[in-house]
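When the count follows the working numbering, it moves up by one through the sequence shown with no breaks and lands on 138 for the last residue.
All C-beta atoms, glycine included, are put in the ideal place defined by N, C-alpha and C.
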Amino acid sequence: MFFGTFLSATLLPFPSEALVVGMYELQPQFWVILIIATCGNFLGGLTNYYIGFKSNSEKLKKRFKLDEAKIAKWELRLDNYGIYLGLISWVPFIGDPMVAVLGFFKVRFIPLAIMMFIGKFLRYFVLLWVYAVIK
4 MFFGTFLSAT LLPFPSEALV VGMYELQPQF WVILIIATCG NFLGGLTNYY
54 IGFKSNSEKL KKRFKLDEAK IAKWELRLDN YGIYLGLISW VPFIGDPMVA
104 VLGFFKVRFI PLAIMMFIGK FLRYFVLLWV YAVIK
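Following this line, the structure appears as structure tokens:
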């Protein structure tokens, strides 16, 4: 389950919700599943940040003709508010690339990581709680 939730947080599409619910069906240990799923998904998200962080190079900027003034403007804007985007980093299709972009713009790592962890924890908490109540 750890690797499944890790993969679902990278740029590879993978349905972690079905995996988490399936694991809960096999062994209904709410907190154990919640912690494992959250940690796997969180570390996968940090991988996206790292990819974006490392891709912020002069070579890439020149190749895609990225304007330095616009990059500086976005860096300033994201440095102030980008950490809060970590709360929605779990959203399918936009969350994973968004975290890579936050890495590209070098958003402050520790505050972003805390927000990402909170968002991913709440995602799986609500999923498991709703499933446990319905079941």
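Assuming residue i contacts residue j under a Cβ cut-off of 8 Å, what Cβ separation, rounded to an integer in Å, is found between them?
i	j	result
I39	F17	The pair is not a contact, with the Cβ atoms about 15 Å apart (cut-off 8 Å).
N51	A116	Not quite, the Cβ-Cβ distance comes to about 12 Å (not below 8 Å), so this is no contact.
V24	T8	In fact, because the Cβ distance is near 12 Å, the residues do not count as touching under 8 Å.
G47	A12	3 Å
G89	F56	With a Cβ gap of about 14 Å, G89 and F56 do not count as contacting.
Let's see if you can read the secondary structure: which residues bound the alpha helix (DSSP H) around residue i?
i	result
D99	98-107
Y1	The shown model of the chain, from 4 to 138, leaves out residue 1, and the question about it has no answer.
What does the alpha-carbon distance come out to for the pair residue i and residue j?
i	j	result
Y53	P114	15 Å
F124	T41	5 Å
P100	A75	20 Å
F120	F45	6 Å
W34	L130	12 Å
R126	S19	11 Å
L81	L37	30 Å
A135	I91	23 Å
K64	V110	17 Å
Y27	Y87	30 Å
Q30	L15	27 Å
L69	E61	10 Å
If you scan the region 5-73 from start to end, which runs of the alpha helix (DSSP H) of 4 or more residues do you find wholly inside it?
-> Those alpha helix (DSSP H) runs which fall completely within the region 5-73 and span 4+ residues are 5-12, 19-29, 33-58, 61-66.
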